[in-house]
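This report concerns only the one structure given below.
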Amino acid sequence: MLSDPVRFSSSITNPYAPQRYDFILSDPPGHTRVRKALMPEFTTSRVAQLRPSLEARVEALFGEISRKSPPVDLIEHLVRPAVYGMSARLLGLPASDYARFNRWAHLFESKSASADAKHEAGLELFEYISALVAHAKEHPGDNLPTRLMARNPDFTDEETASIVTSLAVAGFNPPKGLIGVGLLALLQRPERLGECLTEQAIPAVVQELIRYLATVPAICRLATTDIQLASHDVQKGDFVYVSLAAAGRDSREFHDMENFDIHRSDLRHLQFGHGIHHCLGKALTETLFEIILTQMSRRFPTIALHQPKASPHYLSQDSNYHSADYIPVCW
């Protein structure tokens with residue numbers, strides 16, 4: 144399904160999105176045009192260029208944490224500001240606007256927020272991004288809107304703002320959920336924390352956490368024709384959900400799939416999608432996660448959950464993603 148954009152379309156309306164064009168929810172040729180324009184921003188070399196600024200941001204956040212008295216909430220003081228810093232560095236968002244963006248992002252992922260509240264938040268975000276694009280046009284800088292407009296003069300201001308808005312939303316909540324729940328899962332396994340936080344193990348730990356936790360449980364597609372899929376009759380116009388969580392626990396693909404095993408030979412997953420909609424920010428998100436784990440192991444070798452028996456209550460009950468609301472730690 145993920146490999147076949149002709150029979151399984153991504154063109155699904157987002158009722159809360161004010162922008163006219165969401166390239167994430169689009170099909171070729173429009174999607175191809177935008178993705179080609181964005182690819183230079185997410186290459187291996189570009190991620191390597193961004194790494195020092197991500198490391199500096201995470202180091203500063205851990206420095207602030209070290210000056211506080213435990214317990215300290217890692218979601219509030221590390222995960223959210225680190226992920227926002229990643230998005231801000233890429234998209235050209237001011238660091239001072241973190242609180243505003245965090246409020247919008249919370250509304251977008253909330254299951255209990257009203258449709259009106261989400262729509263209003265979407266309008267505010269789009270107006271905000273549109274102003275940033277207009278400023279970048281008049282005052283070019285080291286940011287994605289400037290480079291996107293320079294490489295693609297045929298993009299209108301509204302189209303550029305729509306693309307950046309889509310990236311801003313997609314680049315905050317899913318990474319925040321993944322990194323937050325990943326940290327919680329590791330801290331819930333204190334007997335394995337030392338093994339998992341060695342420099343050599345961290346890349347494999349990140350990949351296995353992504354598979355094991357499946358923080359984005361499913362992706363939706365729209366059938367464009369009648370088709371039989373795995374012995375089920377799918378009708379044209381049906382919505383079909385691809386269970387990424389089930390794919391990560393497929394016994395035909397993974398040995399001992401229910402266990403968290405950083406030594407497995409089949410370290411792979413579909414959490415960032417597959418095919419033409421494979422997530423552009425995969426390498427950037429994984430890099431940030433690795434940086435956080437590396438610096439945490441160096442700065443806080445004795446870190447532990449505060450009140451570990453309460454940890455099930457740290458998971459969010461009001462999110463469309465598998466995410467954590469609160470991770471109090473001591474050291």
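FYI, in my numbering the residues of the sequence shown are 144 to 474.
Beta carbons are placed, not taken as given, at the ideal position from N, Cα and C, and that holds for glycine.
In this text, all values refer to a predicted model and were calculated from it rather than measured experimentally.
- With a minimum length of 4 residues, the unbroken runs of alpha helix (DSSP H) contained wholly in the stretch 386-426 fall at 387-390.
- Within the stretch 270-335, not a single complete beta strand (DSSP E) segment reaches 3 residues in length.
- Collapsing the DSSP output to three states places SER239 in a helix.
- The residues ILE167, LEU168, SER169, ASP170, HIS174, ARG364, LEU365 and HIS420, in chain order, have a CB closer than 8 Å to that of SER153 in the same chain once the five nearest residues on each side in sequence are set aside.
- THR289 is a Cβ neighbour of GLY235, given a cutoff of 9 Å.
- Looking at the DSSP output, GLN371 shares a beta bridge with ASP376.
- In this structure, the alpha-carbon of GLU396 lies about 14 Å from that of GLU351.
- Below 8 Å, too few C-beta pairs join the stretch 249-264 and the stretch 208-220 to call them touching: fewer than three.
- A distance below 9 Å separates the beta carbons of SER462 and GLY320.
- In the three-state reduction of the DSSP assignment, ARG176 falls in the helix class, which pools H, G and I.
- It is roughly 11 Å from the alpha-carbon of LEU310 to the alpha-carbon of ILE272.
- Partner residues in the beta bridge of LEU365, as assigned by DSSP, are SER152 and PHE382.
- About 13 Å separates the beta carbons of ILE435 and VAL472, which is beyond the 8 Å limit, so they are not a contact pair.
- Look at ALA199 here: in three-state DSSP terms it is helix.
- With a 10 Å radius around the Cβ and a threshold of 16 neighbouring Cβ atoms, ILE322 comes out buried.
- For VAL226, the uninterrupted alpha helix (DSSP H) run begins and ends at 223-234, by DSSP.
- Three or more beta-carbon pairs separated by less than 8 Å link the stretch 192-202 to the stretch 220-237, which places the two stretches in contact.
- Within 10 angstroms of the beta-carbon of ASP399 lie fewer than 16 other beta-carbons, which makes it exposed.
- An exposed status is given to ARG441, since fewer than 16 other beta-carbon atoms sit within 10 Å of its beta-carbon.
- When secondary structure is reduced to three states using DSSP, VAL348 falls in the helix class.
- A buried status is given to THR358, since no fewer than 16 other beta-carbon atoms sit within 10 Å of its beta-carbon.
- Residue environment: PHE244 is assigned as buried (16 or more neighbouring CB atoms within 10 Å of its CB, all protein chains considered).
- Burial is judged here by how many other beta carbons sit within 10 angstroms of a residue's own beta carbon; SER466 has at least 16 and is buried.
- When the Cα atoms are used, ARG354 and ASP297 turn out to be separated by approximately 39 Å.
- Taking THR428 as the centre and dropping the five residues before and after it, the same chain places the C-beta of PRO318 closer than 6 Å to its C-beta, in chain order.
- Taken atom to atom, the span from the alpha-carbon of PHE403 to that of PRO237 is near 38 Å.
- By the 16-neighbour rule on beta-carbons within 10 angstroms, VAL149 is exposed.
- In this structure, LEU287 keeps its C-beta atom at 9 Å or more from the C-beta atom of MET144.
- By DSSP's assignment, PRO471 forms a beta bridge with ASP216.
- With at least 16 other beta carbons inside 10 angstroms of its own, LYS261 counts as buried.
- Under the criterion of beta carbons closer than 8 Å, VAL383 and PHE151 qualify as touching, at roughly 7 Å.
- If you draw a straight line from the Cα of ILE155 to the Cα of HIS412, it comes to about 24 Å.
- Excluding the 5 residues flanking it on each side, THR437 has same chain C-beta neighbours closer than 7 Å at GLU342 and ILE345, in chain order.
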